[in-house]
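Protein chains in written order, with the numbering used here: chain Y, 1 to 337; chain D, 1 to 460.
We put the beta carbon where it would ideally sit given N, CA and C, even for glycine.
Report on one structure; see the data block that follows.
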Amino acid sequence: MYSLKHDVDLCRTCPTGDCLVKCQYLDVDKDTAVTEMVKIGRGEDSFVLQDCVTCYACEEYCQRGNYPFYLITEKREEKGILTSPRAITRQWINIGEPQGKFRLGEVKEKALSFGFMPEFLKWAKGRLFEDVMPSFIFGQEFFCNVVYIHFANTSIIKERLPMVLDNFRKLRVKEVIFLHDECYGAFAHLAPAYGMEVPFKPVHYFEYLYNRLTELKDLIRPLNIRAVYQRPCSSRLSPDKHRFVGEIMDLIGVDLVEREYQDHNALCCGGIYAMSFGYDLAHDVQKRNMDDMEGHGAQVCIFNCPACMGSIGTQVAKRGIRPIHMIHLCRMAIGEI
Amino acid sequence: MDHIAQSLIRIVGEARFSDRPEEAYFYSRDPGLMPPHKPDYVVIPERVGEIQEIVKIAAREKIPIVPMGAGLALTGLIIPLKGGIVIDMKHMNRVLKVNEGGRYAVVEGGTSQGALKAYLEKNHPRLRHSIPDSPATATIAANVMIHGQGRLTQQYGFNSDMVSGLEVVLASGEICRIGSCALSPDWFSKGPPMPDLTGLFLGWFGATGIITKVGVKLYPKKRLRDVEIFVTDRDDLIPEMVYELTHTEMVEDINIFAQPKPMIFKDNHHITMFFTGDTEEELEFKRKMVWHALDRFIKSKDGGFMGLPPVMKPTLLETPQRSVSRFADVKKGGGFEYSGPIIMVDRYPQCVRKIVVLAQKYDLGYSGMARIIGRSHAMMYGFAFTFNRADPDMMERTRKALHEVSEFALEAGGVFWKATVHEQKMAMDRMDPNTLGLMKMIKKNMDPDGIMNPGNWEVD
Ligand SMILES: Cc1cc2nc3c(=O)[nH]c(=O)nc-3n(C[C@H](O)[C@H](O)[C@H](O)COP(=O)(O)OP(=O)(O)OC[C@H]3O[C@@H](n4cnc5c(N)ncnc54)[C@H](O)[C@@H]3O)c2cc1C
Ligand code: SF4
């Protein structure tokens, strides 16, 4: 059985307790943070197990690579502490269940992964993807299943992810470019955290887009717009790739406005909060986030995750800010849209 | 050609008459499970006077007449059980008037749901009627005749509660107006403050008269409409949840469904609720009230609002919702029938457990779906099975399952909706004998020769 590479001693000796001190939803000082994380690591009860809203951010805040959120998730599951209503968890587990309906393009050593996001089947076209397409992979059989950490359910990940890895192994791919941010997080961060061997090199699509845009530099026409970026929860599993947002914007002439809820301080789209905790938390987070976008004069809101776009895209548009996915923005910059 | 055929042709003309086997085949059946039975003649009248003449011939010749709308009630109600004349009402499809200020419409007896909807959208965009989810060709008169339910049923009751007047051709061929229109040019009430005579017709499946005009109440159509789905794995909590939702008075329609396929729906119950508003603020206010109403269930982790992907919403917001018709053909054999008893909302757990047991026992695909009637006053619980008409074994299994549903419905305190002939007999066998006596007296007086949709509500 796969077990989390967490070291309780790292927490005990932690000089900052950043994981909880920086948390946007808990009000915790350094000593409490360390005490609670040690308690959790030892399998004891902690209010954190009750109050954490599953934003994933502590995975980024912890500078010691000690996987605080994965730990919280495991311990919640062990203790039967539910984050979401059972029916919601069940629904999501059902959605991700392999059905034998996966779709493969002409898979080569290098392939694009669409996870289980059907949008990408339509979106991944044009010059940006011409060097890889039609080598693509889509379906539940290749879906990372990481979303279940929102639902305090690590066991389903431990059950399914090795099968997904096996499925990739059978394809003999050497390099997989993930268009689903969370899938990248799964193979670059979560799988190693559990000692699962990843048989290919995972590539984040931001990095891929950045490289392609650099190659296609001559085609770029600066967009000259003011934009904000909606950072998804899963991006906390790959913080090293976050910098590509700024770098891509520089390349395509987009003014990424400075705002309160960005980078470390980014706010969740609220989709999971609504399902798990109801109206008030979701509404509060979404309102603050969108007020902030609007207050900073954004013309465009760039999405990384299609699920975030589904959750607040319409509301963002009602505020006069155009919701757009990163892929579309980049295609716009090279005159394809 | 016999003399009846000649008389009928004289009334409607050759083009709108048939006694040919092709038409007889078509008009002998509906998409449900009842065995077919051929009519002798089919006519398609276009005027009230023609219907009167046809009825008079039937009375003279003592042959049955069966009024038919779109034939979508599914329970065999338009099958000419004893032959005779099928009167296909579909050509009487005009919207005769809409009173914007008084919020009602008067339509002909064969006007389809889709026609009224389209007419209102074009000419009276601030008005709507309680449209059911049957295909848009289903007729308004037939729907109120069978006490159907539509999008406004949670707010205003059965669609027949929203009738504001009737014009009926009686078994004698006379025309009779029911409601305020009996003595006023205005069709604002189906009875009150006078005796409500609509009960002599509605629910009788055409066995007491043929509706040639129907007045229906219209309601404000707000600019915006939205939908949310609350999911739970606790069937026993559904009645409480519905109680809380209806208490808000913020919701338009409430439907509940549970079905094993596709996977996203497996193992859960889904309370679909719609709400409307003229502004974003109104819509958001209602959304908040509705979500708060169910907060305690979210806190106890017994249920939550699912994240509805934007692509799903247009399908859910369609009226009528075509996905219902699509479900009707999942087995690709064009067979669909549901038994939909009207029953108390607190019986939801019993109903849903029953449908699962039956689907397993008879190896059938199913969908259990409820529509809330009034402020939780009752619900229609649809035990829906789809089947392939080319598979007699599957049809037989479905028949058996539905038969068990009928038994169950009565035991659980329910009342049949759009009862099959068999269910009508069951109901009459078990009802209060004095009520039965009253029904008998009404039927005998209104249809002394037993020519009106015979076989239905036949009290021996
Ligand atoms: C996919 C699907 C979804 C459905 N969803 C709904 C729903 O949401 N709500 C709902 O209420 N129903 C629903 N139904 C059931 C049914 O289709 C509707 O109730 C529909 O309104 C019936 O109308 P019809 O014209 O098809 O009636 P028909 O089947 O033609 O007739 C029904 C009865 O009315 C009598 N009748 C017809 N016209 C007249 C008349 N002018 N005068 C006197 N008697 C007459 C007939 O003799 C018969 O007894 C659904 C059916 C299907 C197939
Ligand atoms: S998880 Fe990381 S930040 Fe938190 S206490 Fe442990 S080592 Fe420190």
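Practice item. Could you check which residue in Phe168/Y, Ala57/Y, Lys174/Y and Arg322/Y has the C-alpha nearest to that of alanine 298/Y? Key: Ranked by Cα distance from alanine 298/Y, the options Phe168/Y, Ala57/Y, Lys174/Y and Arg322/Y are led by Arg322/Y.
Check your understanding: Is the CB of glycine 365/D under 8 Å away from at least one CB in chain Y?
Key -> No, glycine 365/D lies away from the interface with chain Y (no Cβ there is under 8 Å from its Cβ).
Review point. Is the closest heavy atom of ligand 2 to the C-beta of arginine 64/Y under 7 Å?
Key: Arginine 64/Y: yes, Cβ under 7 Å from ligand 2.
Review point. Should serine 300/D be counted as a contact of ligand 1 given a C-beta to heavy atom distance under 7 Å?
Key: Incorrect: serine 300/D has no Cβ contact closer than 7 Å to ligand 1.
Exercise for review: Within 10 angstroms of the Cβ of asparagine 456/D, are there 16 or more other Cβ atoms? Answer buried if so, exposed if not.
Suggested key: With at least 16 other beta carbons inside 10 angstroms of its own, asparagine 456/D counts as buried.
**Study point:** Neighbouring residues, chain D, relative to asparagine 153/Y (Cβ below 9 Å)
**Key:** By Cβ distance, chain D contributes nothing, its closest Cβ being about 13 Å from asparagine 153/Y, past 9 Å.
Check your understanding: Are methionine 250/D and phenylalanine 275/D close, meaning C-beta to C-beta below 8 Å?
Key -> Closer than 8 Å, so yes.
Review point. What is the residue span of the beta strand (DSSP E) that tyrosine 229/Y lies within?
Key: Element bounds for tyrosine 229/Y: 225 to 230.
Review point. Pick from Pro341/D, Arg29/D, Lys82/D and Ala401/D: whose alpha carbon is nearest that of glycine 365/D?
Key: Answer by Cα proximity: Ala401/D.
Exercise for review: Give every residue of the same chain whose Cβ lies closer than 8 Å to the Cβ of serine 189/D, excluding the five residues on either side of it in the sequence, and list them in chain order.
Suggested key: Apart from sequence neighbours up to five positions away, the residues of its chain that approach serine 189/D with a beta-carbon distance below 8 Å are Ser164, Gly165, Gly179 and Ser180, ordered along the chain.
**Study point:** Neighbourhood of valine 38/Y by C-beta, 7 Å cutoff - its chain only, sequence neighbours within 5 removed
**Key:** Cβ within range, chain order: Val8, Cys11 and Arg12.
Check your understanding: Quick one: does lysine 79/Y have its CB under 8 Å from some CB of chain D?
Key -> It does not; no Cβ of chain D falls within 8 Å.
Review point. Relative to the C-alpha of leucine 128/Y, which residue among Pro68/Y, Ile220/Y and Val28/Y is closest?
Key: The option with the nearest alpha carbon to leucine 128/Y is Ile220/Y.
Point to revise | Own chain residues within Cβ distance below 6 Å of alanine 333/Y, not counting five before or after | key: Closer than 6 Å at the Cβ level, and outside the excluded window around alanine 333/Y, lie Ile220, Leu223 and Ile252.
Practice item. Taking only runs that begin and end inside the stretch 80 to 128 of chain Y, name each unbroken beta strand (DSSP E) of 3 or more residues, in chain order. Key: Within the stretch 80 to 128 of chain Y, the beta strand (DSSP E) runs of at least 3 residues that lie entirely inside it are, in chain order, 110 to 113.
**Study point:** Spatial distance of glutamate 336/Y from serine 234/Y (CA atoms)
**Key:** Spanning the two alpha carbons is a distance of roughly 28 Å.
Review point. For aspartate 295/D, which residues in chain Y fall below 7 Å Cβ to Cβ?
Key: Near aspartate 295/D (Cβ distances below 7 Å), the residues of chain Y are Gly278.
Practice item. Using 10 angstroms around the beta-carbon of glutamate 260/Y, count the other beta-carbons present and answer buried if the total reaches 16, otherwise exposed. Key: By the 10 Å Cβ count, glutamate 260/Y comes out exposed.
Exercise for review: For the beta strand (DSSP E) holding asparagine 289/Y, just list the boundary residues, first then last.
Suggested key: First-last for asparagine 289/Y: 279 to 295, but that is the alpha helix (DSSP H), not the beta strand (DSSP E).
Exercise for review: Anything in chain D within Cβ reach of isoleucine 88/Y, meaning under 7 Å, just list it in chain order.
Suggested key: Result: Val231, Gly304 and Met306.
Practice item. Could you check what DSSP says for aspartate 133/D in three-state terms: helix, strand or coil? Key: For aspartate 133/D, the three-state secondary structure derived from DSSP is coil.
Check your understanding: Is isoleucine 372/D closer than 8 Å to glutamine 154/D when the C-beta atoms are compared?
Key -> Isoleucine 372/D sits close to glutamine 154/D, with the two beta carbons spaced by under 8 Å.
Review point. Which partner residues does methionine 380/D have in the DSSP bridge list?
Key: As a beta-bridge residue in DSSP terms, methionine 380/D pairs with Ile342/D and Arg371/D.
Review point. When you compare each of Gly102/D, Tyr41/D and Arg94/D to glycine 461/D by their alpha carbons, which one comes out closest?
Key: Because chain D is modelled from 1 through 460, residue 461/D falls outside the range shown and cannot be assessed.
Check your understanding: In whole angstroms, what separates the C-alpha of alanine 33/Y from that of glutamate 159/Y?
Key -> Going from the Cα of alanine 33/Y to the Cα of glutamate 159/Y covers about 31 Å.
Exercise for review: Enumerate in chain order the residues of its own chain whose CB-to-CB distance from aspartate 449/D is below 8 Å, with the five nearest sequence positions on each side excluded.
Suggested key: Counting only residues of its own chain and dropping the five nearest sequence neighbours on each side, aspartate 449/D has a CB closer than 8 Å to the CB of Ala59, Lys62 and Ala171.
Exercise for review: List the whole-angstrom C-beta distance separating glutamine 91/Y from methionine 306/D, where the pair is believed to meet the contact cut-off of C-beta under 8 Å.
Suggested key: With 8 Å as the limit, glutamine 91/Y and methionine 306/D qualify as a contact, their Cβ atoms being about 6 Å apart.
Point to revise | Amino acids of chain Y, ordered along the chain, whose beta-carbon sits closer than 7 Å to that of methionine 273/D | key: Result: empty, since nearest Cβ-Cβ is about 14 Å, beyond 7 Å.
Review point. What residues from the stretch 263 to 288 of chain D come within 7 Å of chain Y, judged by C-beta to C-beta, listed N to C?
Key: Within the stretch 263 to 288 of chain D, the residues whose Cβ lies closer than 7 Å to some Cβ of chain Y are Met263, Ile264, Lys266, Asp267, Asn268, Glu280 and Lys288, listed in chain order.
**Study point:** Per-residue burial, glutamine 321/D [other beta carbons within 10 Å of its own, 16 or more giving buried]
**Key:** Burial of glutamine 321/D is indicated by the presence of at least 16 other C-beta atoms within 10 angstroms of its C-beta.
Exercise for review: Check whether the Cβ of glutamine 475/D sits closer than 7 Å to any heavy atom of ligand 1, and report yes or no.
Suggested key: Look at the range of chain D in this structure, 1 to 460, and you will see that residue 475/D is not part of it.
Review point. Going by the C-beta, is alanine 57/Y closer than 7 Å to any heavy atom of ligand 2?
Key: No, since every heavy atom of ligand 2 falls outside the 7 Å radius drawn around the Cβ of alanine 57/Y.
Review point. By how many angstroms is the C-alpha of proline 392/D removed from the C-alpha of lysine 440/D?
Key: Going from the Cα of lysine 440/D to the Cα of proline 392/D covers about 37 Å.
Point to revise | Within the stretch 236 to 277 of chain D, ranges of the beta strand (DSSP E) (whole runs, at least 3 residues) | key: Runs of the beta strand (DSSP E) lying entirely within the stretch 236 to 277 of chain D, each at least 3 residues long, are 254 to 258 and 269 to 277 in chain order.
Check your understanding: The beta strand (DSSP E) spanning glycine 304/D covers which residue range?
Key -> Per DSSP, glycine 304/D is one residue of the beta strand (DSSP E) stretching across 303 to 305.
Point to revise | Cβ of asparagine 304/Y within 8 Å of any chain D Cβ | key: At a cut-off of 8 Å between beta carbons, asparagine 304/Y makes no contact with chain D.
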